[in-house]
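Quick note on UniProt numbering: the sequence shown kicks off at 1 and runs consecutively. Quick reminder that beta carbons are idealized off the backbone N, C-alpha and C, glycines included. Report on one structure; see the data block that follows.
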Amino acid sequence: MAHQNRLANAHVLVFGGTSGIGYAIANMALSNGARVTISGSGKPKVDAKVEKLRSLYPNTPASHVAGFAVDLHDKENLESNLKTMLDKVTEGGEKNIDHIAFTAGDALVLPKIAEADINTILNGFTVRFLAPCILAKLIATDVYMPRSANSSITLTGGTNTHRPMANWTYGATIGASIEGLSRGLAVDLAPIRTNIVHPGAIHTELFQGLLDHSTPEAIERLKKGLSLLGEFGKPEDIAEAYGWVMRDRFATGTLVNSDGGRLLVGTEV
(Lines of atoms letter the chains of each structure in order from A; the text may use other names.)
(Lines give C-alpha, C1' and ligand atoms only; values in the text may rest on other atoms or scores of the structure.)
Protein backbone atom coordinates (compact mmCIF):
# COMPACT_ATOMS: atom_id res chain seq x y z
CA MET A 1 0.00 0.00 0.00
CA ALA A 2 1.40 3.40 -0.97
CA HIS A 3 2.12 5.81 1.85
CA GLN A 4 -0.86 8.10 2.44
CA ASN A 5 -0.61 11.88 2.57
CA ARG A 6 -2.66 12.38 5.71
CA LEU A 7 -3.08 16.12 5.19
CA ALA A 8 -4.61 15.76 1.72
CA ASN A 9 -8.21 17.08 1.88
CA ALA A 10 -7.95 17.61 5.64
CA HIS A 11 -9.33 20.88 7.01
CA VAL A 12 -6.65 22.78 8.94
CA LEU A 13 -7.54 25.84 11.05
CA VAL A 14 -4.61 28.09 11.98
CA PHE A 15 -4.99 30.71 14.71
CA GLY A 16 -2.44 33.44 14.15
CA GLY A 17 -2.25 32.44 10.50
CA THR A 18 -1.59 35.88 9.04
CA SER A 19 2.13 36.04 9.81
CA GLY A 20 5.19 34.21 11.07
CA ILE A 21 4.86 30.60 12.13
CA GLY A 22 1.09 30.50 11.64
CA TYR A 23 1.28 31.66 8.03
CA ALA A 24 4.05 29.11 7.36
CA ILE A 25 1.84 26.33 8.78
CA ALA A 26 -1.00 27.38 6.47
CA ASN A 27 1.41 27.38 3.53
CA MET A 28 2.77 23.95 4.50
CA ALA A 29 -0.74 22.49 4.85
CA LEU A 30 -1.78 23.81 1.44
CA SER A 31 1.34 22.31 -0.14
CA ASN A 32 0.11 18.95 1.18
CA GLY A 33 -3.34 19.31 -0.35
CA ALA A 34 -5.20 20.43 2.78
CA ARG A 35 -8.07 22.88 2.96
CA VAL A 36 -6.94 25.78 5.13
CA THR A 37 -8.65 28.45 7.20
CA ILE A 38 -6.58 31.16 8.83
CA SER A 39 -7.54 33.61 11.55
CA GLY A 40 -6.11 36.87 12.79
CA SER A 41 -7.19 39.90 14.75
CA GLY A 42 -7.86 42.19 11.76
CA LYS A 43 -10.05 41.44 8.75
CA PRO A 44 -8.01 43.44 6.19
CA LYS A 45 -4.84 41.51 6.99
CA VAL A 46 -6.69 38.20 7.02
CA ASP A 47 -8.21 38.93 3.61
CA ALA A 48 -4.83 39.98 2.19
CA LYS A 49 -3.10 36.80 3.42
CA VAL A 50 -5.91 34.61 2.07
CA GLU A 51 -5.36 36.15 -1.37
CA LYS A 52 -1.60 35.70 -1.06
CA LEU A 53 -1.97 32.01 -0.17
CA ARG A 54 -4.35 31.49 -3.07
CA SER A 55 -1.82 33.10 -5.42
CA LEU A 56 0.84 30.61 -4.32
CA TYR A 57 -1.36 27.67 -5.34
CA PRO A 58 -3.21 28.76 -8.48
CA ASN A 59 -4.30 25.19 -9.25
CA THR A 60 -5.96 24.84 -5.84
CA PRO A 61 -9.64 25.83 -5.73
CA ALA A 62 -10.05 29.26 -4.15
CA SER A 63 -12.61 27.75 -1.76
CA HIS A 64 -9.80 25.70 -0.18
CA VAL A 65 -8.37 28.85 1.44
CA ALA A 66 -10.51 30.96 3.76
CA GLY A 67 -9.98 33.39 6.60
CA PHE A 68 -11.90 34.96 9.46
CA ALA A 69 -11.00 37.66 11.96
CA VAL A 70 -11.50 37.02 15.67
CA ASP A 71 -10.70 39.17 18.71
CA LEU A 72 -8.87 37.04 21.28
CA HIS A 73 -8.04 39.99 23.55
CA ASP A 74 -11.64 40.56 24.64
CA LYS A 75 -11.93 38.38 27.75
CA GLU A 76 -15.59 39.27 28.38
CA ASN A 77 -16.65 38.10 24.92
CA LEU A 78 -13.95 35.52 24.24
CA GLU A 79 -16.25 32.51 24.19
CA SER A 80 -18.90 34.14 22.01
CA ASN A 81 -16.23 35.48 19.64
CA LEU A 82 -14.68 32.05 19.24
CA LYS A 83 -18.05 30.32 18.84
CA THR A 84 -19.12 32.79 16.16
CA MET A 85 -15.89 32.16 14.31
CA LEU A 86 -16.12 28.36 14.57
CA ASP A 87 -19.70 28.47 13.33
CA LYS A 88 -18.51 30.39 10.26
CA VAL A 89 -15.51 28.12 9.69
CA THR A 90 -17.61 24.95 9.85
CA GLU A 91 -20.84 26.38 8.43
CA GLY A 92 -22.66 25.66 11.66
CA GLY A 93 -20.92 22.35 12.26
CA GLU A 94 -21.68 20.96 8.80
CA LYS A 95 -18.02 20.97 7.70
CA ASN A 96 -15.68 19.58 10.35
CA ILE A 97 -12.23 20.83 11.31
CA ASP A 98 -9.60 18.08 11.30
CA HIS A 99 -6.61 19.94 12.75
CA ILE A 100 -6.10 23.15 14.72
CA ALA A 101 -2.74 24.89 15.06
CA PHE A 102 -2.81 27.64 17.68
CA THR A 103 0.03 30.12 17.18
CA ALA A 104 -1.81 33.34 18.08
CA GLY A 105 0.01 35.72 20.40
CA ASP A 106 0.43 39.38 21.19
CA ALA A 107 3.47 41.42 22.12
CA LEU A 108 4.42 40.24 25.60
CA VAL A 109 5.03 42.85 28.28
CA LEU A 110 7.62 41.30 30.58
CA PRO A 111 8.27 43.53 33.58
CA LYS A 112 11.06 42.92 36.01
CA ILE A 113 9.85 41.12 39.12
CA ALA A 114 10.27 44.20 41.32
CA GLU A 115 8.17 46.27 38.89
CA ALA A 116 5.35 43.80 38.12
CA ASP A 117 1.69 44.42 38.88
CA ILE A 118 -1.26 42.02 38.86
CA ASN A 119 -2.92 43.29 35.69
CA THR A 120 0.26 43.25 33.62
CA ILE A 121 0.97 39.68 34.69
CA LEU A 122 -2.56 38.43 34.05
CA ASN A 123 -2.96 40.19 30.71
CA GLY A 124 -0.16 38.10 29.28
CA PHE A 125 -2.31 34.98 29.68
CA THR A 126 -5.34 36.19 27.70
CA VAL A 127 -4.41 35.31 24.12
CA ARG A 128 -1.88 32.56 24.74
CA PHE A 129 -3.61 30.60 27.54
CA LEU A 130 -7.24 31.66 28.04
CA ALA A 131 -8.10 31.61 24.34
CA PRO A 132 -7.00 27.97 23.80
CA CYS A 133 -8.79 27.03 27.04
CA ILE A 134 -12.08 28.37 25.71
CA LEU A 135 -11.37 26.95 22.28
CA ALA A 136 -10.97 23.50 23.89
CA LYS A 137 -14.30 23.97 25.70
CA LEU A 138 -16.01 24.55 22.35
CA ILE A 139 -14.23 21.63 20.69
CA ALA A 140 -15.43 19.41 23.57
CA THR A 141 -19.03 19.93 22.39
CA ASP A 142 -18.22 17.60 19.45
CA VAL A 143 -19.88 20.06 17.05
CA TYR A 144 -16.78 21.29 15.24
CA MET A 145 -14.20 18.48 15.33
CA PRO A 146 -14.66 14.68 15.24
CA ARG A 147 -13.60 12.72 18.31
CA SER A 148 -10.96 10.75 16.50
CA ALA A 149 -7.23 10.16 16.47
CA ASN A 150 -7.37 11.70 13.00
CA SER A 151 -8.11 15.03 14.73
CA SER A 152 -5.50 17.14 16.48
CA ILE A 153 -4.88 20.39 18.32
CA THR A 154 -1.34 21.75 18.41
CA LEU A 155 -0.50 24.55 20.85
CA THR A 156 2.59 26.76 20.84
CA GLY A 157 4.98 27.29 23.74
CA GLY A 158 8.61 28.32 23.78
CA THR A 159 12.05 27.19 24.88
CA ASN A 160 12.21 30.05 27.39
CA THR A 161 9.85 27.98 29.54
CA HIS A 162 12.67 25.48 30.08
CA ARG A 163 15.62 27.87 29.86
CA PRO A 164 14.41 31.39 30.57
CA MET A 165 16.55 34.37 29.78
CA ALA A 166 16.94 37.20 32.27
CA ASN A 167 13.67 39.02 33.09
CA TRP A 168 11.66 36.24 31.47
CA THR A 169 9.95 34.92 34.62
CA TYR A 170 6.41 35.74 33.51
CA GLY A 171 6.97 34.67 29.91
CA ALA A 172 8.26 31.32 31.18
CA THR A 173 5.23 31.04 33.44
CA ILE A 174 2.80 31.60 30.58
CA GLY A 175 4.64 28.99 28.52
CA ALA A 176 4.52 26.48 31.38
CA SER A 177 0.76 26.96 31.70
CA ILE A 178 0.29 26.20 28.00
CA GLU A 179 2.47 23.12 28.34
CA GLY A 180 0.32 21.86 31.21
CA LEU A 181 -2.81 22.64 29.21
CA SER A 182 -1.60 20.56 26.28
CA ARG A 183 -1.06 17.49 28.46
CA GLY A 184 -4.39 17.90 30.25
CA LEU A 185 -6.29 18.27 27.00
CA ALA A 186 -4.55 15.19 25.59
CA VAL A 187 -6.23 13.23 28.40
CA ASP A 188 -9.60 14.98 28.56
CA LEU A 189 -10.24 15.38 24.81
CA ALA A 190 -8.96 11.91 23.82
CA PRO A 191 -8.97 10.45 21.25
CA ILE A 192 -8.52 13.94 19.79
CA ARG A 193 -4.75 14.41 19.99
CA THR A 194 -3.22 17.47 21.66
CA ASN A 195 0.46 18.39 21.42
CA ILE A 196 2.67 21.44 21.88
CA VAL A 197 5.54 22.78 19.77
CA HIS A 198 8.33 24.78 21.39
CA PRO A 199 9.97 27.16 18.93
CA GLY A 200 13.48 28.44 19.43
CA ALA A 201 14.66 31.68 17.84
CA ILE A 202 12.53 31.75 14.69
CA HIS A 203 13.03 34.66 12.30
CA THR A 204 9.45 35.95 12.14
CA GLU A 205 8.24 39.49 11.52
CA LEU A 206 7.92 39.98 15.28
CA PHE A 207 11.48 38.77 15.85
CA GLN A 208 12.74 41.04 13.09
CA GLY A 209 11.34 43.97 15.06
CA LEU A 210 13.77 43.09 17.84
CA LEU A 211 16.67 42.70 15.42
CA ASP A 212 16.00 46.14 13.94
CA HIS A 213 17.33 47.64 17.16
CA SER A 214 20.46 45.47 17.25
CA THR A 215 23.89 45.89 15.71
CA PRO A 216 25.24 43.30 13.24
CA GLU A 217 27.68 42.18 15.95
CA ALA A 218 24.85 41.71 18.46
CA ILE A 219 22.83 39.74 15.92
CA GLU A 220 25.75 37.37 15.35
CA ARG A 221 26.06 36.87 19.11
CA LEU A 222 22.34 36.10 19.25
CA LYS A 223 22.65 33.50 16.52
CA LYS A 224 25.46 31.74 18.36
CA GLY A 225 23.86 32.13 21.78
CA LEU A 226 20.42 30.87 20.77
CA SER A 227 21.31 27.99 18.45
CA LEU A 228 23.93 25.30 18.04
CA LEU A 229 23.55 25.87 14.32
CA GLY A 230 24.69 29.48 14.50
CA GLU A 231 21.59 30.77 12.76
CA PHE A 232 17.95 31.61 13.37
CA GLY A 233 15.24 29.18 12.34
CA LYS A 234 12.81 30.02 9.56
CA PRO A 235 9.01 29.80 9.91
CA GLU A 236 8.94 27.19 7.14
CA ASP A 237 11.37 25.06 9.19
CA ILE A 238 9.19 24.86 12.26
CA ALA A 239 6.00 24.46 10.21
CA GLU A 240 7.22 20.91 9.57
CA ALA A 241 6.97 20.16 13.30
CA TYR A 242 3.29 21.09 13.29
CA GLY A 243 2.79 19.02 10.16
CA TRP A 244 4.37 16.00 11.84
CA VAL A 245 2.05 15.97 14.85
CA MET A 246 -0.97 16.54 12.62
CA ARG A 247 -0.05 13.52 10.49
CA ASP A 248 1.14 11.14 13.22
CA ARG A 249 -2.02 9.49 14.60
CA PHE A 250 -0.05 8.11 17.55
CA ALA A 251 1.43 11.41 18.74
CA THR A 252 -0.44 12.96 21.66
CA GLY A 253 0.59 14.65 24.89
CA THR A 254 3.90 15.31 23.15
CA LEU A 255 6.26 18.27 23.42
CA VAL A 256 8.14 18.94 20.20
CA ASN A 257 11.21 21.18 20.13
CA SER A 258 12.25 22.95 16.96
CA ASP A 259 14.96 25.14 18.41
CA GLY A 260 18.28 24.56 16.67
CA GLY A 261 19.58 22.94 19.86
CA ARG A 262 18.92 26.06 21.92
CA LEU A 263 18.42 24.04 25.12
CA LEU A 264 21.99 22.77 24.79
CA VAL A 265 23.61 26.20 24.70
CA GLY A 266 23.94 28.80 27.44
CA THR A 267 21.43 31.51 28.25
CA GLU A 268 23.87 34.42 28.00
CA VAL A 269 23.77 36.18 24.62
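From the DSSP output, read off the bridge partner residues of residue i.
i	result
residue 11	35
residue 127	According to DSSP, which records beta bridges pairwise, residue 127 is partnered with nothing at all.
residue 233	202
residue 153	100 and 194
residue 40	69
Over what stretch of residues does the alpha helix (DSSP H) that includes residue i continue unbroken?
i	result
residue 160	Looking at the DSSP string, residue 160 is not in any alpha helix (DSSP H), and its letter there is neither H nor E.
residue 184	169-188
residue 101	Taken as a continuous stretch (DSSP letters only), residue 101 belongs to no alpha helix (DSSP H), being part of the beta strand (DSSP E) at 99-102.
residue 216	216-226
residue 90	78-90
Our contact map puts residue i next to residue j with C-beta atoms below 8 Å; I'd like the distance itself, whole angstroms only.
i	j	result
residue 96	residue 11	7 Å
residue 23	residue 86	Actually they are not in contact, since the Cβ atoms of residue 23 and residue 86 sit about 20 Å apart, beyond 8 Å.
residue 21	residue 238	6 Å
residue 8	residue 29	Residue 8 to residue 29, Cβ: 10 Å. No contact.
residue 157	residue 198	5 Å
residue 17	residue 47	With 8 Å as the limit, residue 17 and residue 47 do not qualify as a contact, their Cβ atoms being about 12 Å apart.
residue 227	residue 209	Not a contact, Cβ separation roughly 19 Å.
residue 15	residue 141	At roughly 18 Å, the Cβ-Cβ gap does not stay under 8 Å, so residue 15 and residue 141 are not in contact.
residue 59	residue 32	Not really, about 14 Å apart at Cβ, beyond 8 Å.
residue 62	residue 40	Not confirmed; about 19 Å, so no contact.
residue 64	residue 36	7 Å
residue 233	residue 224	With a Cβ gap of about 14 Å, residue 233 and residue 224 do not count as contacting.
residue 112	residue 167	5 Å
residue 72	residue 138	13 Å between Cβ atoms; not a contact.
residue 246	residue 154	7 Å
How would you write the range of the beta strand (DSSP E) that residue i sits in, first residue to last?
i	result
residue 257	255-258
residue 65	65-69
residue 195	193-199
Quiz item: Between the region 164-184 and the region 120-134, do at least 3 Cβ pairs fall closer than 8 Å?
Solution: Judged by Cβ distances under 8 Å, the region 164-184 makes contact with the region 120-134, as three or more pairs qualify.
Quiz item: Below 8 Å, can you find three or more Cβ-Cβ pairs linking the region 173-193 to the region 251-262?
Solution: Inter-segment contact for the region 173-193 and the region 251-262 is present: three or more beta-carbon pairs are separated by less than 8 Å.
Quiz item: Would you call the region 102-118 and the region 44-62 in contact, with 3 or more CB pairs under 8 Å?
Solution: No: the two stretches stay apart, fewer than three of their Cβ pairs being nearer than 8 Å.
Quiz item: Are three or more beta carbon pairs between the region 175-190 and the region 160-167 nearer than 8 Å?
Solution: Judged by Cβ distances under 8 Å, the region 175-190 makes contact with the region 160-167, as three or more pairs qualify.
Quiz item: Is it true that the region 127-142 meets the region 177-189, where meeting means three or more beta-carbon pairs spaced less than 8 Å apart?
Solution: At 8 Å Cβ cutoff, the stretches touch.
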